[in-house]
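Report on the structure given below.
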């Protein structure tokens, strides 16, 4: 028990300045110290999900004051700290032992809140950029940050009819962006001295020129004596994919079918063909359909 009391006293008195993991929330130092975290960060999807375990000397923290608020997780790396900024979308008290309480916080981007609203709406003569920004404007209270990284915004013409039917705003946007060949990721910036603790910005792109280049990382064993970060596990997998994709769309203005087809590059294994329709008036011309 003496060890638990010593740890409790250390958590109550210590700061996070010299820790490898640091979590800042609106509760300040009351929250305690990060024990561990796990999560996933991805292109497309919901962006990122981080589950953070925290040890605190307080067993009765006001959890309702955390839900929906911004949070900043910083991880010390070989260079500058790596920041993960998001919103607390779930918080749970896991129990206590000897005066120490363990909490689990889930951090997600502001984009995750779009999954909470299901709607039906029809957009007339609006481009994909205009539709996306119309929906984001409904969440201005979250202070959403986003930027477009499109090679040529003019190629995204206005769509005569776009329907959202009994879909969440997130599901609708994911489907729409996939149709247009736009992918996205988040950029993080930490600022513990700011009331919002930093920001995370959604980047929507259709090319690879705007993707930040990563430095080299060693493939090496895990060892406490290592002084630099390393990749310690790597797995390679291969699988079959369709050799071609074909789409067709009915153009009611000319009473004709418009076709688009793409094949896998030479040297890539594939079999069969993915054939489907893209709905009426899916693209204005062959060039856009091919894209």
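Residue numbers (the UniProt record's numbering): 1 to 291. All C-beta atoms in this analysis are idealised placements derived from N, C-alpha and C, irrespective of residue type, glycine included.
query = Excluding five sequence neighbours on each side, which residues of the same chain lie with their C-beta closer than 7 Å to the C-beta of residue 189?
reply = 83, 85, 198 and 199
key: Helix, strand or coil at residue 276 [DSSP, three-state]   = strand
Spatial neighbours of residue 169 in its chain, beta-carbon cut-off 7 Å, leaving aside the 5 residues before and after = 114, 117, 119 and 135
key: Inter-residue Cα distance where the pair is residue 140 and residue 41   = 24 Å
key: Inter-residue Cα distance where the pair is residue 67 and residue 259   = 49 Å
C-alpha gap between residue 219 and residue 278, whole angstroms = 44 Å
query = In terms of residue numbering, what span does the beta strand (DSSP E) encompassing residue 117 cover?
reply = That residue, residue 117, is in no beta strand (DSSP E); it is neither H nor E in DSSP.
query = By a C-beta neighbour count over all protein chains shown, 10 Å radius and 16 as the cutoff for buried, is residue 233 buried or exposed?
reply = exposed
ask   = Among the residues of its own chain, which have a CB less than 8 Å from the CB of residue 58, if the five just before and after it don't count?
value = 30, 32 and 101
query = Is there contact here, the stretch 169-182 with the stretch 211-226, by at least three beta-carbon pairs under 8 Å?
reply = They do not touch, by the three-pair rule.
Between the CA atoms of residue 56 and residue 13 - distance to the nearest angstrom = Residue confidence for residue 13 is low, a pLDDT of 49 falling below 50, so the modelled location carries little weight and cannot support an answer.
key: Cβ-based neighbour list, residue 78, same chain, cut-off 6 Å, excluding 5 preceding and 5 following   = 228 and 229
inquiry  = Any heavy atom of the ligand ZN inside 7 Å of the beta-carbon of residue 200?
reply    = The ligand ZN is absent from the structure shown, which contains no ligands of any kind.
request  = Count the other C-beta atoms from every protein chain shown that fall within 10 angstroms of the C-beta of residue 25, then say buried if there are 16 or more, exposed otherwise.
outcome  = buried
task = Measure the Cβ-Cβ separation of residue 164 and residue 121 and say whether it is below 8 Å.
result = yes
inquiry  = For residue 91, report the span of its alpha helix (DSSP H) as first-last.
reply    = Residue 91 -> not in any alpha helix (DSSP H); beta strand (DSSP E) instead, spanning 82-97.
ask   = Should residue 261 be flagged as near chain D, meaning a C-beta pair shorter than 8 Å?
value = Absent here is chain D; the protein component of the structure consists of one chain.
ask   = Rounded to the nearest angstrom, how far is the Cβ of residue 157 from that of residue 127, given a contact under 8 Å?
value = Their Cβ separation, rounded to whole angstroms, is 6 Å, which keeps residue 157 and residue 127 in contact under 8 Å.
message = Going by C-alpha to C-alpha distance, which of 112, 155 and 167 sits closest to residue 303?
response = For residue 303 there is no data in the structure shown, the boundaries of the chain being 1 and 291.
Ranges of the beta strand (DSSP E) found wholly within the stretch 172-248, counting only runs of at least 3 = 183-190 and 198-205
task = Please state whether DSSP places residue 122 in a helix, a strand or coil.
result = strand
inquiry  = Any contact between the stretch 261-274 and the stretch 239-250? By contact I mean 3 or more CB pairs, one from each, below 8 Å.
reply    = yes
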